[in-house]
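To start, the structure itself, in structure tokens.
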Amino acid sequence: MNGSSKATSQRSNAYSVMVGDIKITAILESYTESPPGLLTGWSEELLQSRQAESLRGLAAFISINCFLIEIDGRVILVDTGLGGEVTAATGRLEVELRSIGMELGDISHVLLTHLHADHFGGAISEAGICRFPNARFLAHRAEHDYCFGGNKPAGNPMAVQQYQFAQRLRPILSQFDWVEEGQIIPGVELVHLPGHTPGHSGFRVRRGQDSVLLWGDIVHQPHQQFADPSIGVSYDVDPAMATETRRKIMAEAMVRKDLIAGTHTDFPAFGRVKAEGDGYCFVPLVWSSAINKALAV
Ligand SMILES: [Zn+2]
Ligand SMILES: [Zn+2]
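Per this note's numbering, the very first residue in the sequence shown carries number 4; after that it's consecutive.
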């Protein structure tokens, strides 16, 4: 080895916590540069000056996380990431699942927070074949009505582009069940968080007094959007409703001291929300080498 490691990726891109006897594992599927013009609601100059103040580098990067829920003998995946080419930084779902002893065929359910490409892209191969042969897919019924209900959306070009990407799921729609708010699997509740898309959702995993809320696209750039929840993204189908939902769920998470994790919260994704200034800040769980119970605070 001559004293230098040739590794180009981290040893582990998976991080687990326990909620009661339920193991929840965050998996960093991709870490990639944020698309230009992603954030909306404020001038580009102000957003850039805030980015500079954050000392995170001038190019904003984005975590794309998936979550594995091991509950009552089931193995449930929340979102599938971008998919595509496997590199040191992207397309890593299958690699990371293997690192924790799981195969794609072990997944019994795939829960999708919504039908944007960075959430369902890993579900299908280049040839349009489902990569989860033994899984039922669950998503909110409003996503079906929006993407496959026959009315092509107009307006917001970024949202229309995502709608067009979602058509790639048509070959595997027979594996889908369309659901609504409430318990969808014992121990797992769908929480409707509309605005970003009509059926955009989170999933609350609960055991007794312990719970974690896994949300989709409430934030894309956590350091900007927790501080100022009025900042949206160009992919929002209904920007006003998305902002209202973001404000509401952040306030609720703060008051309840909920453990939360998001598709785009900085890996290892888990943390809590506290008030700061006119907005909030995200307090990440500190990395532990042991798999700990996510204690109430
Ligand atoms: Zn989205
Ligand atoms: Zn997303």
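Glycine included, every Cβ here is placed at the ideal spot set by N, Cα and C.
Check	Outcome
Of the listed residues VAL81, SER57, ILE110, GLY124, nearest to GLU88 (C-alpha basis)	GLY124
DSSP-derived helix/strand/coil call for PHE229	coil
Inter-residue spacing [alpha-carbon to alpha-carbon] between VAL191 and PHE206	6 Å
Residue(s) in a DSSP beta bridge with GLN186	GLU192
ASP121 beta carbon near ligand 2 (any heavy atom closer than 7 Å)	yes
For GLU139, the first and last residue of its enclosing alpha helix (DSSP H)	The sequence as given places Arg at residue 139; Glu does not occur at that position. Looking at the DSSP string, ARG139 is not in any alpha helix (DSSP H); the run it does join, the beta strand (DSSP E), is 139–143.
Those residues which DSSP pairs with TYR166 across a bridge	For TYR166, which the question treats as bridged, DSSP gives no partner whatsoever.
Local conformation of ASP180 per DSSP, three classes	strand
Distance cut-off 7 Å: THR266 Cβ against heavy atoms of ligand 2	yes
Nonlocal neighbours in the same chain, by C-beta distance under 8 Å from GLY211, ignoring five residues either side	GLY23
Check: ASP220 C-beta below 7 Å from any heavy atom of ligand 1	yes
Cβ pair count under 8 Å reaching 3, the stretch 137–154 against the stretch 55–63	no
Nearest-angstrom Cβ-Cβ length linking MET257 and PRO232, presumed shorter than 8 Å	Rounded, the Cβ-Cβ distance is 11 Å, inconsistent with contact.
Local conformation of PRO160 per DSSP, three classes	helix
Where GLU99 falls: helix, strand or coil (DSSP)	helix
Boundaries of the beta strand (DSSP E) in which THR28 is found, first to last residue	25–36
From VAL236, MET244, PRO225, THR93, residue whose alpha carbon lies closest to that of ILE263	PRO225
N- and C-terminal bounds of the beta strand (DSSP E) containing VAL215	213–218
Any non-hydrogen atom of ligand 1 closer than 7 Å to HIS143 Cβ	no
DSSP beta-bridge partners of SER8	DSSP, once it has assigned bridges, lists no residue as partnering SER8.
Environment of LEU216 [buried if 16+ CB atoms lie within 10 Å]	buried
Proximity test, HIS199 beta-carbon vs ligand 1 heavy atom, cut-off 7 Å	yes
Member of HIS143, SER214, PRO201, ARG171 whose CA lies at the smallest distance from the CA of GLU193	Checking the sequence, you will find Leu at residue 193 rather than Glu. Checking every option, the nearest Cα to that of LEU193 belongs to HIS143.
Distance between GLY152 and GLN13 (C-alpha atoms, nearest Å)	42 Å
VAL81 classed as buried or exposed, judged by whether at least 16 other C-beta atoms fall within 10 angstroms	buried
Same chain only: Cβ atoms within 8 Å of GLU183, ignoring 5 sequence neighbours per side	HIS143, ARG144, LEU193, HIS195
Three-way DSSP call (helix, strand, coil) for PRO287 in this model	strand
Reduced DSSP secondary structure (H/G/I, E/B, other) of VAL258	helix
Best match in THR116, ALA126, LEU118 for proximity to GLY108 [C-alpha to C-alpha]	ALA126
Enclosing alpha helix (DSSP H) for PHE123 [first to last residue]	120–123
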